[in-house]
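K.L.:
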Amino acid sequence: LQGPCRALLADLSGGKAGRMRTANAFFSFFMAVGNVLGYAAGSYSRLYKIFPFSKTPACDIYCANLKSCFFIAVFLLLSLTTLALTVVRENELPEKDEQEIDEKAAAGGKSKVPFFGEIFGALRDLPRPMWILLLVTCLNWITWFPFFLYDTDWMAKEVYGGKVGDGRLYDLGVHAGALGLLLNSVVLGFMSLSVEFLGKKIGGVKRLWGILNFVLAVCMALTVLVTKMAEKSRQYDAHGTLMAPTSGVKIGALTLFAVLGIPLAVTFSVPFALASIFSSNAGSGQGLSLGVLNLAIVVPQML
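Note that our numbering has the sequence shown beginning at 1104, numbered continuously upward.
1) Report buried or exposed for W1247, applying the criterion of at least 16 other Cβ atoms within 10 angstroms of its Cβ.
2) What's the C-alpha gap between Q1404 and T1370?
3) Determine the burial state of F1133: buried for a count of at least 16 other Cβ atoms within 10 Å of its Cβ, exposed for fewer.
4) Of the residues V1362, K1309, G1292, which one's Cα is nearest the Cα of T1326?
5) Pull up the DSSP beta-bridge partners for D1269, would you.
6) Alpha carbon to alpha carbon, what distance is there between V1267 and F1174?
7) In whole angstroms, what separates the C-alpha of V1290 from that of G1364?
8) Would you call the CB atoms of Y1263 and G1280 closer than 7 Å?
9) Is T1255 buried or exposed, if buried means 16 or more other CB atoms sit within 10 Å of its CB?
10) Does the beta carbon of H1342 come closer than 7 Å to any beta carbon on chain B?
11) Starting from T1246, follow the alpha helix (DSSP H) in both directions and report where the run begins and ends.
12) Do S1382 and V1298 have their CB atoms nearer than 7 Å?
13) Nearest to F1293 by alpha carbon, out of A1368, C1241, L1345, V1395?
14) Please return the same chain residues whose Cβ sits closer than 6 Å to the Cβ of W1244, not counting the five positions on each side in sequence.
15) Quick one: what does DSSP say T1349 is sitting in, helix, strand or coil?
16) Hey, V1395 and A1356: beta-carbon distance below 7 Å or not?
17) Measuring straight from C-alpha to C-alpha, what distance separates F1129 and S1171?
18) Let me confirm a value: E1261 is counted as buried when at least 16 other C-beta atoms fall within 10 Å, else exposed. Which label applies?
19) Whole-angstrom Cβ separation of P1366 and N1316, contact assumed at under 8 Å?
20) What would DSSP say about Y1407, mapped onto helix, strand or coil?
21) Rank L1285, L1345, P1374 by C-alpha distance to the C-alpha of V1139 and give the top, closest one.
22) Quick one: is L1104 buried, meaning 16 or more other Cβ sit within 10 Å of its Cβ, or exposed?
23) Quick check on the DSSP output: the alpha helix (DSSP H) that includes A1333 runs from which residue to which?
24) With a cut-off of 8 Å on the beta carbons, I'd call S1288 and S1131 a contact; round off their distance for me.
25) When you compare the CB positions of N1168 and L1150, do they come within less than 7 Å of one another, or not?
26) Excluding the five sequence neighbours on either side, which residues of its own chain have a C-beta within less than 8 Å of the C-beta of V1352, listed in chain order?
27) Which stretch, first to last residue, makes up the alpha helix (DSSP H) that contains F1133?
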């Protein structure tokens, strides 16, 4: 769904680079808003009462709350997608121009619809800046996916020292990790609104993206430091039971979560804006270019 949405934003931007950057920045902002609302809904223990049928003997309160979140998400997705398709109007391609495009595609032996063969064929014709964009995006997401998968587990096991099913420390660590993700989303939202402004101050969004990639690398390295600090400051009560980490360790870990929201905002906006700009300059389709960019995102996910 994200690919067509970004392609639609690029089409509505009319090929103007500034509008594309702003549109993708707002897209990133509303992703952050959705994250915050999702965390808020998930933390409400009585959410299942909106859908009483979700709670069954085989599905307890936590399971029912999760299903209720899914029901709300499905309703919002269907209603907002229908609203966008109904209200938003695109400028239709003139019939003459459409015939010329079809004739050129037929002369080159290409299909009108970008199937997988055409997507991989487009890789051969990509300009050098687009190849560099794909490479940096791929390396970028090799970093982000492990963070998304193991962030709360890292907080629970290495920062809090808990074990699954053994005491309350693991659960407390998971809750602290969820709080860190909430802070991450809040920072993501504010930073998304500042990307265009900071890009102008620094000398361009490409330079901003490069600087924040170094910030991302430093933050990932600091996870080792936080883990070592947590291990050295372990405290036990009179019965020899491990206690929660000190306030300094908690603050350090949560600060790390929050700061990571800054490079995440740029990751959610700048690469997609640059792909739209490069495709517009090269005369290729927005959907095809963003589809190729998505390959650079999903391949690291498989790795």
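Backbone N, C-alpha and C define an ideal beta-carbon position, used for all residues, glycine too.
P.N.:
By the coordinates alone:
1) Burial state of W1247 is buried, judged by a 10 Å Cβ sphere holding 16 or more other Cβ atoms.
2) If you take the alpha carbons of Q1404 and T1370, they lie about 15 Å apart.
3) So F1133 counts as exposed.
4) It is V1362.
5) Bridge partners of D1269: K1266.
6) One alpha carbon belongs to F1174, the other to V1267, and they sit about 29 Å apart.
7) Roughly 5 Å between the two C-alpha positions.
8) No, they are not a contact pair.
9) Counting Cβ neighbours within 10 Å, T1255 comes out buried, since at least 16 surround it.
10) You won't find chain B in this structure, because it holds only one protein chain.
11) In the DSSP assignment, T1246 falls within the unbroken alpha helix (DSSP H) covering 1231-1257.
12) Contact: no.
13) It is A1368.
14) Result list for W1244: I1400, P1403, in chain order.
15) Here DSSP, grouped into helix, strand and coil, assigns T1349 to coil.
16) No, the pair does not count as a contact, with Cβ atoms beyond the cut-off.
17) Just so you know, the alpha carbons of F1129 and S1171 end up roughly 27 Å apart.
18) Buried, since its Cβ has 16 or more Cβ neighbours within 10 Å.
19) Contact between P1366 and N1316 holds, with the beta-carbon distance rounding to 7 Å and staying under 8 Å.
20) Because the chain is modelled from 1104 through 1406, residue 1407 falls outside the range shown and cannot be assessed.
21) Of L1285, L1345, P1374, the residue nearest in Cα terms is L1285.
22) Its Cβ having fewer than 16 others within 10 Å, L1104 is exposed.
23) Per DSSP, A1333 belongs to the alpha helix (DSSP H) from 1308-1335.
24) The pair is not a contact, with the Cβ atoms about 11 Å apart (cut-off 8 Å).
25) Against a cut-off of 7 Å, the Cβ pair of L1150 and N1168 comes out as a contact.
26) Here the set comprises V1262, V1329, M1332, A1333, S1336.
27) F1133: member of the alpha helix (DSSP H) spanning 1120-1146, first to last residue.
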